[in-house]
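Protein chains in written order, with my numbering: chain S, 36 to 294; chain B, 36 to 294; chain H, 36 to 294; chain G, 36 to 294. Report on one structure; see the data block that follows.
There are 4 protein chains.
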Amino acid sequence: MVDKLADVQGYGDSREVGIDKVGVRGVALSLKIKDRVNRFQHVSASVDCFVDLPHEFRGAHMSRFIEVLNVYRGKVFDAGVVRKVLSDLRERLCADCSHIEVVFPYFVEKAAPVSGKKSVMKYDCAFFGDFCEDFSFMIEVKVPVATLCPCSKEICDAGAHNQRGIVTVRVRCGGFVWIEDIIKVVEGSCSSEVFSLLKRADEKAVCEKMYAQPMFVEDVVREVVLKLRKVKGVLGFRVECENFESIHAHNAYAMVDEL
Amino acid sequence: MVDKLADVQGYGDSREVGIDKVGVRGVALSLKIKDRVNRFQHVSASVDCFVDLPHEFRGAHMSRFIEVLNVYRGKVFDAGVVRKVLSDLRERLCADCSHIEVVFPYFVEKAAPVSGKKSVMKYDCAFFGDFCEDFSFMIEVKVPVATLCPCSKEICDAGAHNQRGIVTVRVRCGGFVWIEDIIKVVEGSCSSEVFSLLKRADEKAVCEKMYAQPMFVEDVVREVVLKLRKVKGVLGFRVECENFESIHAHNAYAMVDEL
Amino acid sequence: MVDKLADVQGYGDSREVGIDKVGVRGVALSLKIKDRVNRFQHVSASVDCFVDLPHEFRGAHMSRFIEVLNVYRGKVFDAGVVRKVLSDLRERLCADCSHIEVVFPYFVEKAAPVSGKKSVMKYDCAFFGDFCEDFSFMIEVKVPVATLCPCSKEICDAGAHNQRGIVTVRVRCGGFVWIEDIIKVVEGSCSSEVFSLLKRADEKAVCEKMYAQPMFVEDVVREVVLKLRKVKGVLGFRVECENFESIHAHNAYAMVDEL
Amino acid sequence: MVDKLADVQGYGDSREVGIDKVGVRGVALSLKIKDRVNRFQHVSASVDCFVDLPHEFRGAHMSRFIEVLNVYRGKVFDAGVVRKVLSDLRERLCADCSHIEVVFPYFVEKAAPVSGKKSVMKYDCAFFGDFCEDFSFMIEVKVPVATLCPCSKEICDAGAHNQRGIVTVRVRCGGFVWIEDIIKVVEGSCSSEVFSLLKRADEKAVCEKMYAQPMFVEDVVREVVLKLRKVKGVLGFRVECENFESIHAHNAYAMVDEL
């Protein structure tokens with residue numbers, strides 16, 4: 036049996052093709068994420084992680100990725116922990132570079148604008164870490180927004196088409212950045228932020244605000260860009276807005292990349 | 036080798052558990068679908084098909100599903116062909132019942148309301164067939180629509196929230212029913228139909244029409260129901276409307292089931 | 036303004052079409068779910084809920100669904116709580132029937148078979164509740180499994196195709212049923228259960244077990260059926276197995292419905 | 036009305052934020068694709084296309100994207116046509132750069148290895164075009180494959196875990212490249228290619244071949260890399276293999292990027 040449990044992955048390889056990324060995708064992991072109001076919240080994450088594999092080795096030991104992740108199961112994840120995970124992966128996998136993507140839903144409580152009634156919104160978020168010579172860390176947040184078309188408002192006798200959109204912001208961090216701060220930037224840069232719970236007086240306020248602040252996808256990304264440039268800890272960013280146009284079956288899209 | 040290629044599926048089974056459905060899912064198939072304007076159109080379909088398996092047999096011969104489907108590859112699919120496929124499946128699989136679901140995208144050319152400019156819309160469609168003692172055939176069509184909220188229009192000083200929705204209609208057919216006729220019913224039962232190509236004058240017309248015809252999800256399904264009751268060949272139906280609310284991150288939904 | 040904030044949904048409707056289900060889909064909600072080992076676990080759920088709407092009313096008050104759900108935010112969800120939510124929905128929406136679907140990921144820690152190394156698996160779960168005259172409650176659990184083809188094993192000189200499958204079990208509950216018990220039934224009814232973390236000796240054990248226990252999709256559902264019939268609190272069930280066949284690009288499927 | 040139909044998108048913008056990409060996503064389009072055996076095949080595509088927008092303009096005229104695409108509706112799409120579309124987009128949108136992604140399913144008929152029985156396989160494909168100063172064109176093909184784990188084979192007394200995987204190859208083209216040639220490279224670089232239709236003798240052949248050719252994800256991408264380097268017209272490539280591990284609920288992944 037000793038012979039049988041050979042380390043096949045450890046065999047040499049003569050094909051002289053180095054692998055840029057090898058690893059596991061879709062690993063389920065319970066984590067805690069730092070929450071501005073409640074210190075932290077429990078999240079169910081899906082994790083991809085990879086290392087490079089030099090050309091002279093046959094394969095990576097995939098179970099070691101899981102072993103490394105398991106150490107941090109149930110723990111608070113932030114840039115510092117991501118760096119530790121990546122450092123552990125480099126060590127356990129004997130690699131020069133390691134990469135991780137951690138995708139999770141994040142909940143924030145919001146108050147309706149008139150009634151003040153509270154409800155929660157879910158934002159799909161991700162952490163991206165890379166550790167080769169240097170360590171880099173990015174946060175991505177997807178924020179649902181409402182947009183009202185400026186052209187439509189100007190040309191119509193009454194009404195204007197509006198729709199739900201998704202603003203996807205990825206920021207490269209040089210210091211701690213709150214998910215809540217990214218959300219705030221986006222929700223202040225659209226025709227109206229969206230809510231789970233709106234009573235009639237709230238709906239009136241939201242719809243009238245939308246009509247008063249018509250914005251194209253181009254406007255949304257520009258406003259987000261201007262504000263992100265001033266957020267402390269943000270070294271770079273990519274901002275996308277995709278509108279599920281109410282008058283079309285396809286979407287409108289704009290993107291600025293300053294990563 | 037003769038022994039080796041044993042018919043394991045054909046072995047007996049003593050567990051006394053009959054299987055309601057056994058078969059294959061996600062089989063890719065090129066088909067033709069009858070098109071009111073162009074006689075037929077080529078589509079790429081995904082097919083699920085199943086039979087029942089009496090308790091005394093170990094397994095179904097899965098390759099026979101593919102062999103039966105292959106006979107009809109590239110052919111025109113309609114209720115009559117679906118019936119033949121189901122009949123073949125019952126025979127080849129020695130089954131009492133057979134079932135099929137054929138999902139495909141269907142394209143229809145539309146003219147913009149003012150400029151008359153033509154473009155195509157895609158509608159996700161499906162055929163459902165069941166053949167036990169009797170044969171039954173259903174068509175499903177998903178129609179993107181625009182809806183404008185009646186409540187929002189009434190309470191706001193200006194503007195009203197509107198959004199893209201999807202109306203899903205499934206009809207049980209007692210005769211030939213055009214996909215185009217189902218689409219027409221739905222597109223005449225919402226605040227406005229949607230288009231791929233709208234120039235400025237079209238956009239003005241669509242948005243003003245939307246504002247003039249505010250409809251809840253409840254209104255949309257009711258209007259569709261009233262019209263479907265009069266369509267020749269329709270024995271029953273289920274109508275759903277799901278709105279991607281512009282002011283929320285969740286959806287509004289209504290459904291009437293008269294299948 | 037008093038006039039403006041009219042209750043449009045409360046208007047009468049003369050079309051005489053009752054709505055079977057009206058409500059909201061995709062509402063994000065944080066919950067706790069009863070956990071056999073840790074008392075409960077935090078989950079991020081997506082909730083759909085509906086009521087019926089008699090033909091004489093124009094629309095349902097959608098914000099009330101969110102208000103009702105909000106009361107139970109962060110609370111433990113089980114059959115009793117689902118019943119309370121449904122009861123509240125009937126009352127707040129003045130409806131005869133209410134329905135809910137709560138979808139969430141659920142984590143269970145497992146030990147590898149030889150090394151005993153612990154890791155977690157995620158199971159996609161759902162609760163379904165209906166409250167018309169009677170209350171009914173169902174739990175659905177999706178369990179990833181490994182299956183090895185009995186036919187392939189018998190006809191091949193060496194090796195046999197095997198693959199990941201998903202077993203979906205929906206049980207109608209007449210008493211408390213642990214998610215863990217449903218998982219246990221399924222993981223004991225396939226060629227091998229699957230794990231997140233397997234060291235080499237574990238991999239050997241899992242693969243040899245798989246080879247020793249070849250099972251078709253039909254075998255898996257039959258074994259699950261036989262065992263579910265004996266689980267206390269289970270009034271009925273539907274069992275599906277779908278195999279992502281390693282030698283095909285389509286899937287094999289079997290289903291028994293005793294709901 | 037002349038005043039009303041103002042060109043809002045054409046207004047100036049003083050925010051000094053240029054937009055990298057603005058355009059439309061998810062536009063449905065019927066096309067023809069060159070087919071090695073049948074000259075061409077009809078496909079239903081989903082198209083994204085974008086241009087850059089200099090900082091001094093408020094918005095892009097979205098309807099022009101659709102107008103440009105409409106010219107090529109129903110036509111054969113290849114690198115030359117993609118270049119023309121991109122050139123038209125630059126002209127109509129007064130842009131320096133244009134980009135397109137065209138995603139479509141492509142069907143190829145295959146013969147089973149022993150019985151010779153024919154069936155079709157679907158491969159999800161995409162064309163990517165960029166036209167700034169230079170024009171670049173890439174083809175992506177997703178090829179389902181079967182892989183058998185070399186480690187598992189070596190350590191087990193009998194059997195070895197195997198599974199379906201997806202190999203995603205993106206090639207940068209410097210001349211005409213057949214989709215069929217990319218598929219051939221991948222299907223010759225895995226434990227076994229997969230088929231829609233396999234009779235018992237075919238299944239035996241496929242499974243025994245798989246067992247005789249165990250390959251990790253790393254092996255698959257390396258073999259594909261070695262072969263792609265020799266394919267005429269290929270200037271660069273990125274190769275990914277993702278295995279839906281039969282013994283895990285997560286996936287194994289490897290990637291080499293020589294784009």
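Yeah, the Cβ is synthetic: ideal placement off N, Cα and C, and Gly gets one too.
Interface residue (Cβ-Cβ distance to chain S less than 8 Å): L66(H) is not classified as such.
Not one beta carbon of chain S lies nearer than 8 Å to the beta carbon of V204(G). At a cut-off of 8 Å, the C-beta of C167(G) has no neighbouring C-beta in chain S. Annotated three-state conformation of L66(H) is strand, per DSSP. Contact check between the region 272-292 of chain H and the region 243-257 of chain H: three or more CB pairs, one atom from each, fall below 8 Å, which counts as touching. Per DSSP, the unbroken beta strand (DSSP E) holding C208(S) starts and ends at 197-208. Taking 8 Å as the upper bound for CB-CB distance, A95(S) and L88(S) are in contact here, some 5 Å apart. The contact set of E102(H) on chain S, defined by CB atoms closer than 9 Å, consists of K152, S154, L232, K234 in chain order. By alpha-carbon distance to T182(H), the top candidate from F272(H), E51(H), V57(H), E258(H) is E258(H). 8 Å or more divides the Cβ of A63(S) from the Cβ of F139(S). Using beta-carbon distances, S79(H) counts as an interface residue toward chain S, with a partner under 8 Å.
The DSSP-derived three-state label of A287(G) is strand. For the pair A240(B) and V149(B), the CB atoms are nearer than the 8 Å cut-off.
DSSP places R74(B) within a strand segment (E or B) once states are collapsed to three.
Distance from the Cα of V155(B) is smallest, within the candidate group D192(G), F163(G), G109(G), for G109(G).
In the three-state reduction of the DSSP assignment, E222(B) falls in the helix class, which pools H, G and I. Under the three-state reduction of DSSP output, G271(B) falls in the strand class. Judged by DSSP secondary structure, I101(H) falls outside any beta strand (DSSP E) and instead within the alpha helix (DSSP H) spanning 97-106. For the pair G58(S) and V86(S), the CB atoms are nearer than the 8 Å cut-off. Collapsing the DSSP output to three states places S150(G) in coil. For D237(B) and A147(B), the gap between their C-alpha atoms comes out near 6 Å.
At a Cβ-Cβ threshold of 8 Å, S133(G) and F112(G) do not count as neighbours. For V252(B), the closest Cβ of chain S is not nearer than 8 Å. When secondary structure is reduced to three states using DSSP, D83(G) falls in the strand class.
With a threshold of 8 Å between beta carbons, S98(B) makes contact with chain G.
Remark: C-beta atoms of V220(B) and V266(B) approach each other more closely than 8 Å. In this structure, the beta-carbon distance from E293(S) to G268(S) does not fall below 8 Å.
Per DSSP, the beta bridge partners of F139(S) are C160(S). Exclusion of the five residues before and after I218(G) leaves V143, Y158, V176, V178 as the residues of its chain whose Cβ lies within less than 8 Å of its Cβ. Cβ contact annotation for K69(B) (same chain, cutoff 7 Å, sequence separation greater than five): F75, V111, D113, in chain order. In this structure, I101(G) sits near S231(B), with a CB-CB distance shorter than 8 Å.
Shown here, R235(S) sits in a helix according to DSSP, grouped into three states. For R60(G), the nearest CB of chain S lies under 8 Å from its own CB, placing it at the interface with that chain. Within the DSSP secondary-structure output, H90(S) pairs in no beta bridge.
Bridge pairing for E175(H): A161(H), R205(H) [DSSP].
Among the residues of chain S, those whose CB is under 8 Å from the CB of I54(G) are E253, V256, R257, A289, M290, V291, following chain order.
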